[in-house]
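Reading through the structure tokens given below for one structure.
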């Protein structure tokens, strides 16, 4: 979770600087009530998912959160206490794209891994197990992508772990992959634990699996301060990419878990519309809103899903996560026996 929040924070700083808003260009104001009210109002007017647009809402009583938290603000004695009150407020949103940055601490949203029963979603990933047990030969690119081949019942499958969308597939990577892919009977594309990164990669990589231009989703933009002030959906297409390294003829299994977030969550959504691709594993983590930053009177930075939202081809929000085509959970028994049951199911499907 810390890795997800760190990467999202870095990307926001790089790509969303123009989105940052500062209504306080005079001397800083450190009054706790003033700052909490600014924090609450920014979310009330700009957060994407408080309304009921296109059939989805966080179902959060944000005014009720204010009423619950303000008495705590009024009795808080330190900045650390104030930050934690803001943190408890954003926990109600269950959105990893909402966090606070101060000079002394980062406070993220700690609840988007938690299901409706208060339990953490299954991790559905055993670090390094695929490389140690399943791959014939384990390779690593300069970008840090782990890849290789899996042989089972006389068939060969190309495996790629793409666990970070801040890292593209560059020309050198593709040149190394291609001979293995050409000989393979199928592809296993593993994005488990991928916290996101560059949203454009979601479209570009999906294009490697396409033969023709394909509708993969819609974008919706927040247009005003009202909860339901949003635009009409704008169609989002992926197009075939790179004739030489196009993988559209290969049957592909895309492995997912709850740690798939943000741009990787978008990628999972897009890949559901790609022929020859099947999603196997757990429901993804969500992150369907584009982060945008605001400055509080005391100089702290609030970041939230406050600009653009992504819908699937049926105009359903992907903020709650993307369901796999085949749901598989790695059990405690699997962990004890070093069995990746999600990968095993992918191999089974490719072997049919």
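Numbering (our numbering), first residue to last: 334 to 685. The C-beta atom is built at its ideal place from N, Cα and C for all residues, glycine as well. Quick caveat: nothing in here was measured; it's all calculated off a predicted structure.
Within the continuous beta strand (DSSP E) that includes residue 628, where are the two ends? What you label residue 628 is simply residue 295 of the chain shown in a count that begins at 1. Segment 622-628, the beta strand (DSSP E) holding residue 628.
Span separating the alpha-carbon of residue 524 from that of residue 590: As a working note, residue 524 is residue 191 in the chain shown. As a working note, residue 590 is residue 257 in the chain shown. Annotation: residue 524 to residue 590 spans about 8 Å, alpha carbon to alpha carbon.
Thinking just about the alpha-carbon of each residue, which of 484, 566, 412 is nearest to the one in residue 648? Residue mapping note: residue 648 aligns to position 315 of the chain shown, counting from 1. It is 566 whose Cα lies nearest to the Cα of residue 648.
Whose C-beta lies closer than 7 Å to the C-beta of residue 579 among residues of the same chain, with five residues either side of it excluded? In the chain shown, the residue the question calls residue 579 occupies position 246. Cβ within range, chain order: 541, 573.
Beta-ladder partner(s) of residue 594, from DSSP: Taking the chain shown and counting its residues from 1, the one referred to as residue 594 is at position 261. Answer by DSSP bridge pairing, in chain order: 619.
So that I know if they touch, is there some Cβ in chain D lying closer than 7 Å to that of residue 645? You won't find chain D in this structure, because it holds only one protein chain.
Given a cut-off of 7 Å on the beta-carbon distance, is the pair residue 534 and residue 552 in contact? Your numbering for residue 534 matches position 201 in the chain shown. Your numbering for residue 552 matches position 219 in the chain shown. Contact: no.
Given 8 Å, three or more beta-carbon pairs between the segment 626-635 and the segment 425-435: Three or more Cβ pairs closer than 8 Å define a contact, and the segment 626-635 meets that threshold against the segment 425-435.
Distance, Cα to Cα, residue 660 vs residue 618? Walking along the chain shown from the start, residue 660 turns up at place 327. Walking along the chain shown from the start, residue 618 turns up at place 285. The C-alpha of residue 660 lies about 14 Å from the C-alpha of residue 618.
Does the beta-carbon of residue 453 have 16 or more other beta-carbons within 10 angstroms, so that it is buried, or is it exposed? Looking up residue 453 in the chain shown gives position 120. Exposed, since its Cβ has fewer than 16 Cβ neighbours within 10 Å.
Any non-hydrogen atom of the ligand PLP within 6 Å of residue 555 CB: The ligand PLP is absent from the structure shown, which contains no ligand whatsoever.
When the Cβ atoms of the segment 382-393 are set against those of the segment 423-430, are three or more pairs found closer than 8 Å? Output reads yes: the segment 423-430 touches the segment 382-393.
Should residue 549 be labelled buried (16 or more other beta-carbon atoms within 10 Å of its own) or exposed? What you label residue 549 is simply residue 216 of the chain shown in a count that begins at 1. Residue 549 should be labelled buried.
In the structure shown, what three-state DSSP assignment does residue 383 receive? In the chain shown, residue 383 corresponds to position 50, counting from 1. Three-state DSSP puts residue 383 in coil, outside helix and strand.
Any chance you could list the alpha helix (DSSP H) runs of at least 4 consecutive residues sitting entirely within the segment 479-551, in chain order? Here the runs fully enclosed are 504-516, 532-540.
Short check: CB of residue 522 to CB of residue 585, under 7 Å? On the chain shown, position 189 is the one that residue 522 refers to. On the chain shown, position 252 is the one that residue 585 refers to. In this structure, residue 585 lies closer than 7 Å to residue 522 by Cβ.
Using the three-state DSSP reduction, which class does residue 461 fall into: helix, strand or coil? To locate residue 461, count along the chain shown from 1; it is residue 128. Taken through DSSP and simplified to helix, strand or coil, residue 461 comes out as coil.
Excluding five sequence neighbours on each side, which residues of the same chain lie with their C-beta closer than 8 Å to the C-beta of residue 421? To locate residue 421, count along the chain shown from 1; it is residue 88. Excluding residues within five positions, the ones whose Cβ falls inside 8 Å are 402.
Residue 368 and residue 415 look like a contact to me (Cβ under 8 Å); what is the Cβ gap, rounded to whole Å? Within the chain shown, residue 368 is the residue found at index 35, counting from 1. Within the chain shown, residue 415 is the residue found at index 82, counting from 1. Right, the Cβ-Cβ distance comes to about 7 Å (below 8 Å), so this counts as a contact.
Please state whether DSSP places residue 434 in a helix, a strand or coil. On the chain shown, position 101 is the one that residue 434 refers to. Residue 434 falls in the strand class under three-state DSSP.
Close beta carbons around residue 511, own chain, < 8 Å, minus the five adjacent residues each side: If you number the chain shown from 1, residue 511 lands on position 178. Once the five neighbours on either side are set aside, the close Cβ partners of residue 511 are 577, 578.
Using a 10 Å radius around the Cβ and a threshold of 16 neighbouring Cβ atoms, would you call residue 650 buried or exposed? Numbered from its first residue, the chain shown carries residue 650 at position 317. The residue is buried, with at least 16 neighbouring Cβ atoms inside 10 Å.
With 16 as the cutoff for other CB atoms within 10 Å, does residue 382 come out buried or exposed? Along the chain shown, read from residue 1 onward, the residue named residue 382 stands at position 49. It counts as buried.
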